[in-house]
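Okay, so the sequence shown: first residue is 212 according to the working numbering, each after it adds one. Don't be surprised by glycine CBs; every beta carbon is placed ideally from N, CA and C.
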Amino acid sequence: MNSVIKAASYVLMHTPDMIIHNGSTPATERIVAPDSEFLKKLPASIRSYDDVLAYAPNQTYIGNMTPAELGKIEQPWYDKKIDAKREGKFGEIMPEDEFILLMQICDVFDLVLLDKDFVAATKDKFAAGPAVTPEMAARVKEGHDAADIAKLVEKEHSEGLYFNGKLIGAVKRAHDIDINLSAHVIHENLVSKAGSVLALRHLVQNAGIDASEIQYVIDCSEEACGDVNQRGGGNFAKAAAEIAGLSNATGEDVRGFCAAPAHAMITAAALVKSGAYDCVAVTAGGATAKLGMNSKDHIKKGMPTLEDVLGGFAVLVVANDGVNPEINLNIVGRHTVGSGSSPQAVTSALVSNALEQNGLKITDIDKYAAEMQNPDLTKPAGAGDVPLANYKMIGALAVTRGEMEKPALATFPAERGMVGWAPTQGHIPSGVPYIGFCREEILAGKVKTAMIIGKGSLFLGRMTNLFDGVSFVIQANSGDSGASAVGEAEVKKLIAQAMKDFAMSLMGQEEK
Numbered sequence: 212m213n214s215v216i217k218a219a220s221y222v223l224m225h226t227p228d229m230i231i232h233n234g235s236t237p238a239t240e241r242i243v244a245p246d247s248e249f250l251k252k253l254p255a256s257i258r259s260y261d262d263v264l265a266y267a268p269n270q271t272y273i274g275n276m277t278p279a280e281l282g283k284i285e286q287p288w289y290d291k292k293i294d295a296k297r298e299g300k301f302g303e304i305m306p307e308d309e310f311i312l313l314m315q316i317c318d319v320f321d322l323v324l325l326d327k328d329f330v331a332a333t334k335d336k337f338a339a340g341p342a343v344t345p346e347m348a349a350r351v352k353e354g355h356d357a358a359d360i361a362k363l364v365e366k367e368h369s370e371g372l373y374f375n376g377k378l379i380g381a382v383k384r385a386h387d388i389d390i391n392l393s394a395h396v397i398h399e400n401l402v403s404k405a406g407s408v409l410a411l412r413h414l415v416q417n418a419g420i421d422a423s424e425i426q427y428v429i430d431c432s433e434e435a436c437g438d439v440n441q442r443g444g445g446n447f448a449k450a451a452a453e454i455a456g457l458s459n460a461t462g463e464d465v466r467g468f469c470a471a472p473a474h475a476m477i478t479a480a481a482l483v484k485s486g487a488y489d490c491v492a493v494t495a496g497g498a499t500a501k502l503g504m505n506s507k508d509h510i511k512k513g514m515p516t517l518e519d520v521l522g523g524f525a526v527l528v529v530a531n532d533g534v535n536p537e538i539n540l541n542i543v544g545r546h547t548v549g550s551g552s553s554p555q556a557v558t559s560a561l562v563s564n565a566l567e568q569n570g571l572k573i574t575d576i577d578k579y580a581a582e583m584q585n586p587d588l589t590k591p592a593g594a595g596d597v598p599l600a601n602y603k604m605i606g607a608l609a610v611t612r613g614e615m616e617k618p619a620l621a622t623f624p625a626e627r628g629m630v631g632w633a634p635t636q637g638h639i640p641s642g643v644p645y646i647g648f649c650r651e652e653i654l655a656g657k658v659k660t661a662m663i664i665g666k667g668s669l670f671l672g673r674m675t676n677l678f679d680g681v682s683f684v685i686q687a688n689s690g691d692s693g694a695s696a697v698g699e700a701e702v703k704k705l706i707a708q709a710m711k712d713f714a715m716s717l718m719g720q721e722e723k
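Put into structure tokens, the structure is as follows:
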């Protein structure tokens, strides 16, 4: 029996100070052009928390708007405020001060030191957060003197933590000379871990389960943790599970650049379908390097810096319950070594080939979700509307294959796709933002089938020029959970009766 999707969660963390101090674009600019106009204008271009809440794509990400509703708002969206809410049906948008405390409680090696006044002013607010448990709140450590923190940053190679432009903490290096344990890397990894913890806590709530029911966690973020002897050894999954209270879980990390979430979902579905585990969570936290990644272009065009949030998500995959949408592992697209790298070759490998092998056409899939980047962020940077480009390519392939008339190509993106709403957090946009909505639409009977497509650029690691990608199909449940028609007690009775009957038959044979 196919495994099913029981719940999904999506979280954003507004981190304006991290844009300036930890985003890769501003950090690089400080090295090559420390007096540039870009760096001078950057602080004034950053939005407030209230503006981030009132941004329609962000409200869509946490579930307060549907992609269809977002699509009805004229683009661009950044200058059109909507009803601002911190919480949504999928998750929340956490402010920076609370997120910094979340980072502190994720630190188990006393590497995060916070100002005592900052901790005192924030800890009650943090404890009242919608996904924070009493056990998590109890992990908050008392703070330190501001002078001690300043000394760490100025003289001990520590990474500063800032709030409202003020130094309020530091992340220490974990080793004197190992660059894999530098303060910069530790900061990046704690950010990713914290985002995953928040997503997992919302996942548990959304699924209505006890955290102890999750048996396995797969982390598919973009960071890597380890030391000089194993720089990417991991394990983010188990580290996040510990803080999130998943006491019965083990886990692993899956990496594949932007395609990693789709790889992880297929892995989770296979683990559950095989019977190895009954309840698996796929999760990922955010990437600080992506903060303000396109901010130069945004500022040049008189826009605010829109890449001001970290992203996170989690999906719960469980044994078939006869109700929730299934992950059909018979329809799995994959870009192989020999697939080719042209857009048509990639789309054929990920979409049409897998469908054709199962006797299906492109038009047999109701919805497609590929790279769901928010066009507000990508168009000013010259990358165009990425989701729209994907839908045009899929539609064109359907026309080429004779599965759809050419005039239908004009309406294909609207009918089979949707506008993008995900932040440019690398792995986060790659298909998975739709899973939460997809589950709801299938349960409501609005959609029967959907294909989630993950793509990745492997050349970034300088190990190969190959492209990467996988896809899978989510479909309405067949209604058969595959469970036994009788309960465990009945099964034991049947076995006992069978043994008794067998014994009686033997006695009868002996009498004869």
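Contact under 8 Å by Cβ, residue i with residue j
i, j, result
"residue 515", "residue 235", "no"
"residue 663", "residue 680", "no"
"residue 406", "residue 496", "yes"
"residue 410", "residue 302", "yes"
"residue 517", "residue 588", "yes"
"residue 429", "residue 493", "yes"
"residue 370", "residue 342", "no"
"residue 498", "residue 641", "no"
"residue 573", "residue 562", "yes"
"residue 455", "residue 487", "no"
"residue 474", "residue 431", "yes"
"residue 213", "residue 539", "yes"
"residue 336", "residue 309", "yes"
"residue 489", "residue 426", "yes"
Alpha carbon of residue i to alpha carbon of residue j, nearest angstrom
i, j, result
"residue 448", "residue 272", "23 Å"
"residue 666", "residue 419", "32 Å"
"residue 280", "residue 629", "10 Å"
"residue 747", "residue 560", "This structure does not reach residue 747, given that the chain is present from 212 up to 723, and the question cannot be answered."
"residue 651", "residue 216", "10 Å"
"residue 433", "residue 466", "7 Å"
"residue 330", "residue 592", "38 Å"
"residue 386", "residue 392", "6 Å"
"residue 323", "residue 351", "11 Å"
"residue 231", "residue 253", "8 Å"
"residue 450", "residue 274", "27 Å"
"residue 295", "residue 412", "22 Å"
"residue 220", "residue 631", "17 Å"
"residue 345", "residue 304", "20 Å"
Residue i, buried or exposed, once every other Cβ within 10 Å from all chains shown has been counted against 16
i, result
"residue 152", "Here the chain has residues from 212 to 723 only, and residue 152 is not among them."
"residue 222", "buried"
"residue 672", "exposed"
"residue 444", "exposed"
"residue 703", "Confidence in residue 703 is poor, its pLDDT being 47 and thus under 50, which makes the residue's placement unreliable; the coordinate value appears in the next sentence. Looking at its Cβ environment, which holds fewer than 16 other Cβ atoms inside 10 Å, residue 703 is exposed."
"residue 606", "buried"
"residue 356", "exposed"
"residue 700", "Annotation note: pLDDT 46 at residue 700 (below 50); position unreliable, no value reported."
"residue 340", "buried"
"residue 655", "exposed"
"residue 674", "exposed"
"residue 470", "buried"
N- and C-terminal bounds of the beta strand (DSSP E) containing residue i
i, result
"residue 491", "490-495"
"residue 626", "Careful: residue 626 lies outside any beta strand (DSSP E), inside the alpha helix (DSSP H) at 623-627."
"residue 604", "Where residue 604 is concerned, there is no enclosing beta strand (DSSP E), although the alpha helix (DSSP H) it sits in stretches over 597-611."
"residue 374", "370-374"
"residue 730", "Examination of residue 730 is not possible in this model, given that the chain is present from 212 through 723 alone."
"residue 335", "Not the beta strand (DSSP E): residue 335 falls in the alpha helix (DSSP H), residues 327-338."
"residue 461", "461-464"
"residue 630", "Here residue 630 belongs to no beta strand (DSSP E), and DSSP marks it neither H nor E."
"residue 678", "678-686"
"residue 357", "That residue, residue 357, is in no beta strand (DSSP E); its alpha helix (DSSP H) goes 357-366."
"residue 523", "520-529"
"residue 318", "That residue, residue 318, is in no beta strand (DSSP E); it is neither H nor E in DSSP."
"residue 261", "Element bounds for residue 261: not the beta strand (DSSP E) but the alpha helix (DSSP H), 260-264."
Extent of the continuous alpha helix (DSSP H) run through residue i
i, result
"residue 252", "248-256"
"residue 239", "235-243"
"residue 729", "Residue 729 lies beyond the range of the chain shown here (212 to 723); nothing can be said about it."
"residue 485", "471-485"
"residue 401", "394-418"
"residue 511", "506-511"
"residue 557", "554-558"
"residue 302", "That residue, residue 302, is in no alpha helix (DSSP H); it is neither H nor E in DSSP."
Kindly confirm or deny that the stretch 629-645 and the stretch 572-580 touch, where touching means at least three C-beta pairs closer than 8 Å.
Short answer: they touch.
Per the contact definition of three or more C-beta pairs closer than 8 Å, is the stretch 500-511 in contact with the stretch 624-642?
With a cut-off of 8 Å, the stretch 500-511 and the stretch 624-642 count as touching, because enough Cβ pairs lie within range.
Are there three or more Cβ pairs, one per stretch, closer than 8 Å when the stretch 374-387 is compared with the stretch 344-362?
Using a Cβ-Cβ distance cut-off of 8 Å, the stretch 374-387 and the stretch 344-362 are in contact, since at least three pairs of beta carbons, one from each stretch, lie closer than that value.
Using 8 Å as the threshold, is the stretch 457-465 in touch with the stretch 522-541, meaning 3 or more CB pairs across them?
No: the two stretches stay apart, fewer than three of their Cβ pairs being nearer than 8 Å.
Does the contact criterion of 3 or more C-beta pairs under 8 Å hold for the stretch 303-313 versus the stretch 602-620?
The stretch 303-313 is not in contact with the stretch 602-620.
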